[in-house]
Amino acid sequence: MREILSRLLATGGRLRSAVSRDESDGDQLATDGGATVQTTRGDSLRNSLPVEWELVESAPFWLPPVLFAGFFVYGAIAWNFLLSLTDYSGLGGAQYENFDFSMYSRMLSDGTFWQAAQNTVVLLVVFTVLCLALGLFVAILIDQQIRFENTFRTIYLLPMSLSFVVTATMWAWVYNARNGVLNQLFRLFNLEGALVGLLRPAGVSAQVIQWLSWNTTALAAVIFALIWQFSGYAMVVFLAGLRAIPTEHYEAARVDGASTVRMYARVIIPQLRASAVSASVVLMVFALKAFDFIYALRGSQPGANMDILATMMYRVAFDSLQWAYGSAVAIVLFVLALLVIGPYLYSEYRRGEL
Amino acid sequence: MSTGDGGFLDGLRNTESSRIGLYALLLAGIAFYLFPVETAVMTMFKTESAFARTLPFAPPGADGFTLDALATAWNTLRPGLLNSLLMAIPATIMSALLGSLTAYGLTTLSWRGQVGVVVLIIAGIFIPYQAVLVPLAQFWFQVLPGIVEGFINTLFGFLTGGNWEYPSRNGYVQLLQLSVTHAAYGIPICTLLFRSYYQSISDEMIEAARLDGASAFSIYRNIILPLSLPMFAVTLIYQFTQVYNDLLFALVLINEPASQVATQRLAALTGGVVQSFNTTMAGAIVAALPTLLVYIVFGEQFAKGVAGE
């Protein structure tokens with residue numbers, strides 16, 4: 477892709493005359509064959525342009541889309557906050573009067589909210605850390621100048637192209653208690669009984685492993701499947717990071733006599749910090765949004781054992797028609813997301829990346 | 002292969018066993034990432050009797066092979082697939098085009114304060130959609146219909162008799178609403194993708210064109226747009242996958258059974274009380290087909306979109 481770009485840039489002179497031919501008054505400059513490009517520095521010209529003129533000229537391009545998206549994003553969030561201060565049930569029109577924080581105080585004394593909040597944080601932390609670790613490991617493996625690299629990469633990233641609903645359908649079959657893939661595998665090696673026995677002291681009395689119904693395993697099952705789906709993403713990000721590290725760093729470590737493990741631990745992996753940060757931000761956002769996956773995985777099964785704030789919000793607002801309460805849960809989720817992305821965006825801004 | 006750009010087996014590169022170990026790990030990776038898909042494919046071809054006889058990931062065997070489950074799933078999902086495409090394709094094109102325009106306005110024509118706008122846009126990528134769901138439903142089903150009805154009945158009251166109704170019960174209108182919603186929420190990520198790309202285009206070329214008297218639009222039309230075609234490919238592929246795969250917005254915005262999208266129909270198939278796994282697996286494969294095809298054909302571009310390059 478870079479080649480295409482540079483080739484096109486090389487033909488800039490030709491493009492430029494094509495541009496000026498479109499304009500009726502472009503003749504005098506179109507013939508100079510790119511001399512202007514050489515002599516006029518873009519910087520000095522830019523400084524000579526008044527800011528207001530730049531704003532007026534660029535606004536028609538970015539303002540309409542920004543207003544369009546901004547209405548749906550920020551307008552909707554503000555509206556959502558307003559709704560969370562009412563007691564709107566979702567039937568008829570909302571009454572925007574008597575604003576108070578009763579929905580939030582109700583939330584504080586709601587056990588299912590705390591369960592969902594706890595699950596969200598556990599999912600956020602465990603999923604992100606394991607995903608990064610696995611992604612880094614796979615990226616290092618792929619970086620060993622292997623054959624068929626493209627094939628391996630394509631297959632490792634494939635789960636990410638599938639929708640949450642599709643992967644949830646597949647994993648529902650893997651985790652199915654009666655004759656699911658996992659339980660049949662355990663049965664094959666005569667391990668199922670042993671595992672059930674292991675869990676018996678914890679008050680389990682079932683004959684088979686009920687991955688999605690037991691409190692101890694439900695969230696772990698969700699996390700494992702999400703790692704399956706998204707570790708390929710971490711792999712891609714880390715691979716790009718590894719490829720950006722100059723060869724000399726490997727050679728210097730070698731010359732210093734560092735072992736392979738030491739080289740990676742001391743020299744290479746520390747340089748992947750930026751990749752790790754950006755990957756973990758995106759992974760955490762995936763985790764906060766994992767609604768589709770849990771919704772489809774749980775199917776018609778009741779139970780809050782794998783509830784996260786995202787699924788709780790939907791259940792409260794759209795299944796039991798408590799829109800104001802659902803809005804309040806959504807605001808908590810939004811604040812949680814802000815806590816993740818706020819520092820990230822700020823550091824990107826400080827580094828001049830924005 | 003010998004001049005190392007590093008790698009942890011560099012020192013051992015010539016030893017056969019370490020290479021074998023490496024490939025064994027990589028193959029184990031393939032098994033890990035493919036086994037649910039492989040199981041789904043094997044399961045969808047099985048009859049009920051083969052189901053009991055064989056392991057889930059084993060092939061059905063000659064006498065246990067059937068296409069019934071596939072046919073059932075196909076018939077259930079087909080209208081959903083059409084709706085999904087009808088909704089996702091316009092949404093994808095709209096958000097890519099608008100993202101490209103936004104990125105152009107925010108990079109090549111730079112002005113002080115644009116960083117603030119960029120931060121607001123990028124933050125839009127990361128917001129949890131739950132935080133906008135309730136207002137979204139209210140906007141499409143209450144506020145907008147109210148405004149449009151009032152507008153039309155006031156202006157054309159003599160034609161409508163003053164009781165024209167916004168057709169929000171119409172399935173196609175709901176699909177259109179969903180499509181517009183996806184287009185709006187796709188703008189931030191599309192802007193980000195195009196922006197990093199446009200930053201690599203030389204200022205001088207733009208300035209020269211400007212000196213030649215080219216308008217901002219003609220610079221976009223004649224220089225930027227032709228240059229961005231590869232990026233359009235990346236963005237369209239990535240964004241199509243995202244929109245097609247979504248369930249949440251569809252659940253909230255589409256309640257007409259006839260206009261349900263594929264993910265909705267698959268979720269209903271999966272969540273049903275009676276579960277025959279050969280049908281649900283066939284459903285998963287059928288619903289995944291469009292994005293699987295896109296991924297197999299354009300895998301490289303998809304990876305670029307994922308990595309935000």
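As they're listed, the protein sequences go chains A and B.
Take the first sequence: its position 221, counting from 1, is numbered 697 in my numbering, and each next residue is one higher.
Take the second sequence: its position 105, counting from 1, is numbered 106 in my numbering, and each next residue is one higher.
The beta carbon of each residue, even a glycine, is placed where N, CA and C say it ideally should be.
Note that the structure is predicted; figures quoted are calculated from it, not measured.
Under the three-state reduction of DSSP, A/Phe665 is assigned to coil, being neither helix nor strand. With the criterion set as a beta carbon lying under 9 Å from some beta carbon of chain B, the members of the region 622-645 of chain A are Ile622, Arg623, Phe624, Asn626, Thr627, Phe628, Arg629, Thr630, Ile631, Tyr632, Leu633, Leu634, Pro635, Met636, Ser637, Leu638, Ser639, Phe640, Val641, Val642, Thr643, Ala644, Thr645, in sequence order. In chain order, Phe36, Pro37, Thr40, Pro57 make up the part of chain B whose C-beta sits under 9 Å from the C-beta of A/Val650. Between the region 539-556 of chain A and the region 795-813 of chain A, the count of Cβ pairs shorter than 8 Å is three or higher; the stretches touch. B/Tyr130 belongs to the set of residues whose beta carbon lies under 8 Å from a beta carbon in chain A.
In summary, the residues of the region 131-144 of chain B whose CB is separated from some CB of chain A by less than 9 Å are Gln131, Ala132, Val133, Leu134, Val135, Pro136, Leu137, Ala138, Gln139, Phe140, Gln143, in the order they occur in the chain.
With respect to chain B, the C-beta atom of A/Val712 has a partner C-beta closer than 8 Å. Straight across, the Cα-Cα distance linking B/Asp247 with A/Leu638 is about 10 Å.
Using a 10 angstroms sphere on the CB of B/Asn171, the tally of other CB atoms stays under 16, which defines it as exposed. Here A/Gly708 is buried, its C-beta having at least 16 other C-beta atoms within 10 Å.
By a beta-carbon distance limit of 8 Å, A/Met711 does not contact A/Ala609. Their separation comes to about 11 Å. If you compare the alpha carbons of B/Tyr167, B/Tyr296, B/Val42, B/Asn154 with that of B/Val235, the shortest gap goes to B/Tyr296. For A/Ile553, the chain B residues whose C-beta falls within less than 9 Å of its own C-beta are Ile128, Ala132, Val133, Pro136, listed in chain order. When the five nearest sequence neighbours on each side are left out, the beta carbons in the same chain lying within less than 8 Å of the beta carbon of A/Glu824 are those of Leu830, in order along the chain.
Proximity of A/Asp563 to chain B, defined by a Cβ-Cβ separation below 8 Å, is not satisfied. Within the region 577-650 of chain A, the complete alpha helix (DSSP H) segments at least 4 residues long are 578-584, 587-598, 604-618, 625-637, listed from N- to C-terminus.
One finds Tyr825, Leu830 in chain A with Cβ atoms closer than 9 Å to the Cβ of B/Val116, taken in chain order.
When the beta-carbon positions are compared, B/Tyr34 and A/Trp704 come within less than 8 Å of each other.
In this structure A/Asp619 is buried. Its beta-carbon is surrounded by 16 or more other beta-carbon atoms within 10 angstroms. By the neighbour-count criterion, in which a residue is buried when 16 or more other Cβ atoms sit within 10 angstroms of its Cβ, B/Gln200 is exposed. Annotated as proximal: A/Asn781 and A/Asn691, with beta-carbon spacing under 8 Å.
Counting only Cβ-Cβ distances below 7 Å, B/Tyr105 has contacts in chain A at Phe537, in chain order.
Taking every protein chain shown into account, the CB of A/Ile685 has 16 or more other CB atoms within 10 angstroms, so this residue is buried.
Within chain B, not a single residue places a beta-carbon under 8 Å from that of A/Ser689; the smallest gap is close to 15 Å.
Rounded to the nearest angstrom, the Cβ distance from B/Ile123 to A/Leu759 is 17 Å, too far for a contact under 8 Å. Contact annotation: A/Ser689 and A/Ala653 have beta-carbon atoms nearer than 8 Å. Judged by DSSP in its simplified three-state form, B/Lys47 adopts strand. Two segments are said to touch when three or more pairs of C-beta atoms, one from each, lie closer than 8 Å; by this definition the region 655-670 of chain A does not touch the region 625-632 of chain A. Listed along chain A, the residues sitting closer than 8 Å to B/Phe278 by beta-carbon distance are Trp649, Asn652.
Within chain B, no C-beta atom comes nearer than 8 Å to that of A/Asp783; the closest sits roughly 13 Å away. For A/Trp799, the enclosing alpha helix (DSSP H) stretches over residues 799-826. For B/Met282, a Cβ of chain A is located within less than 8 Å of the residue's own Cβ. Residue pairing by DSSP places B/Phe66 opposite B/Lys47 in a beta bridge. By the rule that beta-carbons nearer than 8 Å mark a contact, B/Leu226 does not touch chain A. Collapsing the DSSP output to three states places B/Lys305 in a helix.
Going by C-alpha positions, A/Leu606 is about 32 Å away from B/Pro60.
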